[in-house]
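**Q** Let me begin by handing over the structure; questions about it come next.
Numbering (UniProt numbering), first residue to last: 1 to 147.
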């Protein structure tokens, strides 16, 4: 029996498709503190632990790869990038720190039924981000892992 892709390979890169690469670079470096690893025309990737975070300008990927460059409405979510933090207190601390830098959060951190404290914000292209920390028993008593 062969193992499926999701069971044998780790996700190594998340690439956000963005409208304005310079605006994206400013947001991720100035507000979130990422460092640029590689920069090219219409593209950037950032230093990150275990997974490469990259951004590719829609018109550039369209021109080179034929991928659609149709823009989604601003409130249409195209992806959610999540970061697991050590504690609920760290969610609150980062919420305060990033809010002070002008990061647009959906609302204050909250405790959710899936046993996590979470805070959500958007980048300049509307990509949804989640900061979360497990609370209580963590994911084990809410999620059915046998599905």
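Virtual Cβ for every residue (Gly too), placed ideally from N, Cα, C.
As the structure is a computational prediction, the values presented were derived from the model and not from experiment.
Please say whether residue 133 and residue 87 have beta carbons closer to each other than 8 Å?
**A** Yes, the Cβ-Cβ distance between residue 87 and residue 133 is below 8 Å.
**Q** Alpha carbon to alpha carbon, how far is residue 100 from residue 52? Give it in angstroms, no decimals.
**A** Cα to Cα, residue 52 sits roughly 26 Å from residue 100.
**Q** In terms of alpha-carbon separation, which member of 70, 136 and 130 lies closest to residue 17?
**A** That would be 70, whose Cα lies nearest to the Cα of residue 17.
**Q** So, with DSSP's three-state summary, where would you put residue 146?
**A** Its pLDDT being 46, under 50, residue 146 is placed unreliably in this model, and the value from its coordinates should be taken loosely. Note: residue 146 maps to coil in three-state DSSP.
**Q** For residue 75, count neighbouring C-beta atoms within 10 Å of its own C-beta (all shown protein chains included) and say buried if the count is 16 or more, exposed if not.
**A** Per the 10 Å Cβ criterion, exposed.
**Q** Report yes if the CB atom of residue 27 is closer than 8 Å to the CB atom of residue 37, and no otherwise.
**A** Cβ distance not < 8 Å, so residue 27 and residue 37 don't count as in contact.
**Q** Please work out which residues of its chain come closer than 6 Å, Cβ to Cβ, to residue 94, disregarding the five sequence neighbours upstream and downstream, and give them in chain order.
**A** 131.
**Q** Looking at the secondary structure, which residues open and close the beta strand (DSSP E) in which residue 92 lies?
**A** Note, residue 92: premise wrong, no beta strand (DSSP E); alpha helix (DSSP H) at 88–100.
**Q** Out of 110, 21, 13 and 139, state which residue places its alpha-carbon closest to the alpha-carbon of residue 59.
**A** Minimum Cα distance to residue 59 is reached at 21.
**Q** Rank 10, 57, 11 and 7 by C-alpha distance to the C-alpha of residue 24 and give the top, closest one.
**A** Taking only the C-alpha atoms, the option nearest residue 24 is 57.
**Q** Nearest-angstrom Cα distance between residue 8 and residue 14?
**A** Going from the Cα of residue 8 to the Cα of residue 14 covers about 18 Å.
**Q** In or out: residue 6 buried (at least 16 other Cβ within 10 Å) or exposed?
**A** Exposed.
**Q** Alpha carbon to alpha carbon, how far is residue 120 from residue 89? Give it in angstroms, no decimals.
**A** If I take the Cα positions, the gap works out to 15 Å.
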